[in-house]
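Below: one structure, written as C-alpha cells.
There are 2 protein chains.
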Amino acid sequence: MKFYDCATAPSPRRVRILMAEKGIEIETVQVDLMNGEQMSEAFRKINPLGEVPVLELDDGTSLTQVMAICRYLEEIYPDIPLFGRDPVERARVDSINDQLQANGMVAVMEAFRNATPGFVNRAMPGPHNYEQIPALSERGKLRLDNFFSDLEAHLANNQYMVDDYFSVADITAFAAVEFARWVKKSVPEEYSNLLRWYQQVKQRPSTAA
Amino acid sequence: MKFYDCATAPSPRRVRILMAEKGIEIETVQVDLMNGEQMSEAFRKINPLGEVPVLELDDGTSLTQVMAICRYLEEIYPDIPLFGRDPVERARVDSINDQLQANGMVAVMEAFRNATPGFVNRAMPGPHNYEQIPALSERGKLRLDNFFSDLEAHLANNQYMVDDYFSVADITAFAAVEFARWVKKSVPEEYSNLLRWYQQVKQRPSTAA
C-alpha cells in the first residue's frame, strides 16, 4: 500500500493520527499542495478528484475520502479499535463523528477558503472551481463559536467524544480544533472541559503525526 | 426500536429506502417538521439536535445521523448487504457515498434553505440559527449542475455507483436527485447514463418508501 499525504494539511492528518494510534506504518508519498501537484496529470491518474489523502492498494485501486480510508484501515487492522467495540458504540461514534466533520472540519474549511487570497475561485476542494463567498467565511467563524460551546457542554459529561472511549471521533475533533487556528479561532480560555479534553488528546504520541 | 421519521423529508427517506431493501419493519413515529415539532421540548428529549431521523433503541438510546443509523441497521440485519461485501468494496461504497452526500444532498440543502422564505434564519438544520446567504443558494444550484454531469460521466462505466453492485450509495444519489426538484433542478434530458440509472433505481419497490 502507498499513502498519499500532505504533511501540512488537516484532512490527511486524521489518517496519520489513526495510523499512529494503531501502530501502522505505510509507505508515504508527500503531495505538494502548495504548488498544485494534486491537480497534475500524474496525480489525477491516482485520484481524479485531485485531493489527498489517497490510499493506493497493491493492485492499483485508489481509496479516497478520509473516513473511507480510516474505516478500511480499521477493518484490516482491527487491533486497537477506534470505531467502537459493539454495534451501538459504533453507531454513536459514527454519529458524533459526522457532526464533528460537518460542524468542525467543514466550518473551518468554509471560513478559510472563502477568505484567503490564494483560494480565489477555489472555495471548495475537488475538480470544480467555485467563487469565494465572503459571507460564508463569516458564517464559518460563527459556526466555530457554536462548535466550541457545544463541545464544552458535551465534555462536561464525557471524558472523550463517546463516554470514556477514545475513538476516531476524538481524532476528528482534535484535527478540527487545531485546523481552526488557520482562521484565528481558538478555544476560549474559560472552556475548562474542552481544554481538559484537548490537553489529554494532545499528550497522545499519535497527535505528533 | 422506534424510528422517528418525517414522510416528506429527504434525509429520513434514505433510511426508509434502506429498511425497505432489507425488508426491515420498525415502529415509526411521524414528526411534524412543517409545524416545528422537532424543536419541541418533548422531541428534543429524544434528539437534542432537533433533527430526524432518529432510531430509538429499546433501552432508550437515541441513534442520530442518517449514515450512522443505516450502518447500525446493516450491522444488526446483515442480510442483503448494502455497504459492500468485502473491505475494498466497503471502502469504495463509503468513499463515493460521502461524495454524494457532500455534492448532492448538501448542495440541494444549501440551495433550498438559503432561498426559501420559510427558512429565514434557519439556513442550517440543527439547534443553531444562521442567516440565509443568497449566494450560497446560487452556488448550490451550480454544484448540482456539476453533480449531474459528474454522475453522467461516472455512470458511463458503472451500472450503479460502484460497478454492478446496488448499495447505500445508490440510495444517497437517488434521494439527492429527487431532492433536487425542491430547487427546480432535474437531470438534463441528454444525460442518458444518469437517466438510465435513475429509471433502474426508481423501479425498485423500496423507492416508494
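Chains G and S supply the protein sequences, listed in that same order.
If you count the first sequence from 1, position 79 lands on 78 in numbering that gives the first Met the number 0, and the numbers rise without skipping.
If you count the second sequence from 1, position 139 lands on 138 in numbering that gives the first Met the number 0, and the numbers rise without skipping.
Using N, Cα and C, we set each Cβ at its ideal position, and we do this for glycine too.
Kindly indicate which three-state DSSP category residue i falls into: helix, strand or coil?
i, result
"F178/G", "helix"
"K184/S", "coil"
"Q29/S", "strand"
"F2/S", "strand"
"Y71/G", "helix"
"E130/S", "coil"
"V161/G", "strand"
"S136/S", "helix"
"A24/S", "Residue 24/S is actually Glu in this sequence, not Ala. Here E24/S sits in coil by DSSP."
"T171/G", "helix"
"E189/G", "coil"
"E50/S", "coil"
"S39/S", "coil"
"T7/G", "coil"
"S61/G", "strand"
"R84/S", "coil"
"R121/S", "strand"
Rounded C-beta distance between residue i and residue j? I'm assuming under 8 Å.
i, j, result
"L150/G", "L81/G", "About 19 Å separates the two Cβ atoms, so there is no contact after all."
"S166/S", "G103/S", "Actually they do not touch by this definition, with Cβ atoms about 15 Å apart."
"V176/S", "V186/S", "6 Å"
"A155/S", "P9/S", "The Cβ separation is near 26 Å, so there is no contact."
"V107/S", "W181/S", "6 Å"
"A19/S", "P204/S", "7 Å"
"R13/G", "V51/G", "Not confirmed; about 11 Å, so no contact."
"L194/S", "L135/G", "Their Cβ separation, rounded to whole angstroms, is 32 Å, which puts L194/S and L135/G out of contact at 8 Å."
Is the shortest distance between the beta-carbon of residue i and the beta-carbons of chain S less than 8 Å?
i, result
"Y246/G", "Summary: the structure shown does not reach residue 246/G, with chain G confined to residues 0 through 208, and so no result is reported for it."
"L17/G", "no"
"E55/G", "no"
"E74/G", "yes"
"D97/G", "yes"
"Y197/G", "no"
"A174/G", "no"
"T63/G", "yes"
"R70/G", "yes"
"P86/G", "yes"
"M66/G", "yes"
"S10/G", "no"
"S94/G", "yes"
"A90/G", "yes"
"I170/G", "no"
"I132/G", "yes"
"L219/G", "As shown, chain G starts at 0 and ends at 208. That puts residue 219/G outside it, with no answer to give."
"R138/G", "yes"
"L32/G", "no"
"T60/G", "yes"
Do you know how far the Cα of residue j is from the Cα of residue i?
i, j, result
"D31/S", "Q37/S", "7 Å"
"V53/G", "E26/S", "41 Å"
"L62/G", "R91/S", "7 Å"
"K21/S", "Y76/S", "8 Å"
"N145/S", "A152/G", "39 Å"
"Q209/G", "Q158/S", "Residue 209/G lies beyond the residue range present for chain G, which begins at 0 and ends at 208; the question has no answer from this structure."
"R121/S", "R43/G", "38 Å"
"P86/G", "D4/S", "21 Å"
"A208/S", "M123/S", "25 Å"
"V259/G", "Q202/S", "There is simply no residue 259/G to check, as chain G begins at 0 and stops at 208 in what is shown."
"L72/G", "V200/G", "21 Å"
"L56/G", "D78/S", "28 Å"
"G35/S", "I45/S", "15 Å"
"F147/G", "A101/G", "13 Å"
"H127/S", "E74/S", "32 Å"
"A41/G", "G49/G", "10 Å"
"I132/S", "I132/G", "9 Å"
"L143/S", "F178/S", "11 Å"
"M33/G", "V119/G", "14 Å"
Following a CB-centred definition, is residue i positioned closer than 7 Å to any heavy atom of the ligand FMN?
i, result
"N46/S", "The ligand FMN is not part of the structure shown, which contains no ligands of any sort."
State yes or no: is the beta carbon of residue i nearer than 8 Å to at least one beta carbon in chain G?
i, result
"P116/S", "no"
"A179/S", "no"
"R121/S", "no"
"N145/S", "yes"
"L212/S", "Limits of chain S in this structure are 0 at one end and 208 at the other, which puts residue 212/S out of reach."
"L193/S", "no"
"R43/S", "no"
"T7/S", "no"
"R13/S", "no"
"L213/S", "A query on residue 213/S cannot be resolved here, the shown segment of chain S reaching from 0 to 208 and no further."
Task: Segment contact flag, the segment 98–118 of chain G with the segment 137–148 of chain G, C-beta cutoff 8 Å, min 3 pairs - done: Judged by Cβ distances under 8 Å, the segment 98–118 of chain G makes contact with the segment 137–148 of chain G, as three or more pairs qualify.
TODO: Report yes or no: do the segment 162–177 of chain S and the segment 82–97 of chain S share at least 3 C-beta pairs separated by less than 8 Å?
DONE: The segment 162–177 of chain S vs the segment 82–97 of chain S: in contact.
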